[in-house]
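**Student:** To start, I am sharing the structure in question, which I have written as structure tokens.
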């Protein structure tokens, strides 16, 4: 990627980062919902933890946009894109809504694929999410050289801080170049890591919690059915204790379901899910545009979505013998009522 030359262009590219981070969330949610029974407790824990860190990344990108005078856009018609969906502009790889399987985990590895190490050649396009954030980092440095601290002198909205966020990781209010770079490093290290290390941070740098593999390597543990040891080589197989994965204890959800194929109670249930998910995005949009205290309502809503999703995913897919339905993550053309929801006054009907 070429470096960004203007603040306005940087705001636009960071908004693309919001879209990228969000695009992973339905993908991971569907895989999580598809797990049946209690046989895949470790799998469920891995996907859930990654999902919560993706919410952290979304929040950090929104903080960055606000810090340089932009306005994050999380409206459902901006973010709820048809699946299969492109992960990165200029990259042919597309992500799918699909049940947990070896093929799905291979897709997860492609999503979280580490960028090449600094001493390895890179292409011109956005080959990985890590490439994208490397470009954001270098562009921020360039613009700071041109504008100094005025780059951060007119924030558009109050940012989400640790006071309002209770998930894993550290929320960083972005106020200068140092905190902006720290936010980007957090996103990159937690997600893809680097090609020379398995861990979110170097093994000798333990900060606020236990050392964890980056997302790519967490998912690789599932595929290899074995955990990593501290000094394992990322280019080789993990050598730690075995990881129990029951590939068959999964609802056989049809890949990329569409609500146009549903009718009756199934369609009603899928619409309920999409409406509630749209309300969640609306609430996050308010959270990142001046009302950070609403994050405390938004995060619990994610767990409320599960019951709505399971009610759909247990049902057969119309006209597709052997396959189950699933949540479609399509926008619903109606007001979301998120202001009332934040006060506890809105319920799905």
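Residue numbers (my numbering): 11 to 359.
Yeah, the Cβ is synthetic: ideal placement off N, Cα and C, and Gly gets one too.
Keeping to the same chain, check which residues put their C-beta closer than 6 Å to that of residue 361; ignore five residues upstream and five downstream.
**Tutor:** Examination of residue 361 is not possible in this model, given that the chain is present from 11 through 359 alone.
**Student:** Rounded to whole angstroms, what's the CA-CA distance from residue 277 to residue 88? Just pull it up for me.
**Tutor:** 23 Å
**Student:** Could you name the residues that DSSP lists as bridge partners for residue 45?
**Tutor:** 260
**Student:** Over the uninterrupted alpha helix (DSSP H) stretch that includes residue 383, give me the two end residues.
**Tutor:** Residue 383 lies beyond the range of the chain shown here (11 to 359); nothing can be said about it.
**Student:** Can you tell which of 233, 342 and 18 has the C-alpha that lies nearest to the C-alpha of residue 80?
**Tutor:** 18
**Student:** Sorted by chain position, which residues of the same chain lie with C-beta nearer than 7 Å to residue 68's C-beta, five sequence neighbours on each side aside?
**Tutor:** 28, 31 and 32
**Student:** Could you pull the DSSP bridge partners for residue 223 from this structure?
**Tutor:** 209
**Student:** I'd like the list of long-range same chain contacts for residue 207, defined as Cβ closer than 7 Å, with 5 residues on each side in sequence excluded.
**Tutor:** 244
**Student:** With DSSP as the reference, label residue 280 as helix, strand or coil.
**Tutor:** Residue 280: helix per DSSP, three-state reduction.
**Student:** Just how far apart, CA to CA, sit residue 37 and residue 111?
**Tutor:** 12 Å
**Student:** Quick one: what's got a C-beta closer than 7 Å to residue 287's C-beta in the same chain, skipping five residues either side?
**Tutor:** 315 and 339
**Student:** Reducing DSSP to helix, strand and coil, say where residue 334 ends up.
**Tutor:** strand
**Student:** Assuming residue 122 and residue 229 make a contact with CB atoms under 8 Å, what is their CB distance in whole Å?
**Tutor:** 6 Å
**Student:** So, helix, strand or coil for residue 236, using DSSP?
**Tutor:** Assignment of residue 236 by DSSP, reduced to helix, strand and coil, places it in the strand class.
**Student:** At what residues does the alpha helix (DSSP H) containing residue 241 begin and finish?
**Tutor:** Where residue 241 is concerned, there is no enclosing alpha helix (DSSP H), given that its DSSP letter is neither H nor E.
**Student:** Using only the alpha-carbon positions, how far apart do residue 15 and residue 147 sit?
**Tutor:** 13 Å
**Student:** In angstroms, rounded to a whole number, what distance separates the CA positions of residue 106 and residue 224?
**Tutor:** Between the alpha carbons of residue 106 and residue 224 lies a distance of about 21 Å.
**Student:** Write down every uninterrupted run of the beta strand (DSSP E) in the region 33 to 92 whose length is 3 residues or greater and which is fully enclosed by it, in chain order.
**Tutor:** none
**Student:** Which residue comes first and which comes last in the alpha helix (DSSP H) that contains residue 181?
**Tutor:** Where residue 181 is concerned, there is no enclosing alpha helix (DSSP H), given that its DSSP letter is neither H nor E.
**Student:** Can you check whether the CB of residue 260 is closer than 8 Å to the CB of residue 45?
**Tutor:** yes
**Student:** For the candidate residues 303, 285, 329 and 333, whose alpha-carbon lies nearest to that of residue 342?
**Tutor:** 285
**Student:** Would you kindly work out how many angstroms separate the C-alpha atoms of residue 145 and residue 13, rounded to a whole number?
**Tutor:** 6 Å
**Student:** Using the three-state DSSP reduction, which class does residue 15 fall into: helix, strand or coil?
**Tutor:** coil
**Student:** Evaluate contact between the region 113 to 121 and the region 321 to 337, counting only Cβ atoms and requiring at least three cross-stretch pairs below 8 Å.
**Tutor:** No: the two stretches stay apart, fewer than three of their Cβ pairs being nearer than 8 Å.
**Student:** Using the Cα positions of residue 307 and residue 247, report the straight-line distance between them to the nearest angstrom.
**Tutor:** 41 Å
**Student:** Taking only the alpha-carbon atoms, compute the straight-line gap between residue 158 and residue 11 and give it to the nearest angstrom.
**Tutor:** 23 Å
**Student:** What does a CB cutoff of less than 6 Å around residue 10 pick up in its chain, not counting 5 residues either side in sequence?
**Tutor:** Here the chain covers residues 11 to 359 and nothing more, so residue 10 does not appear.
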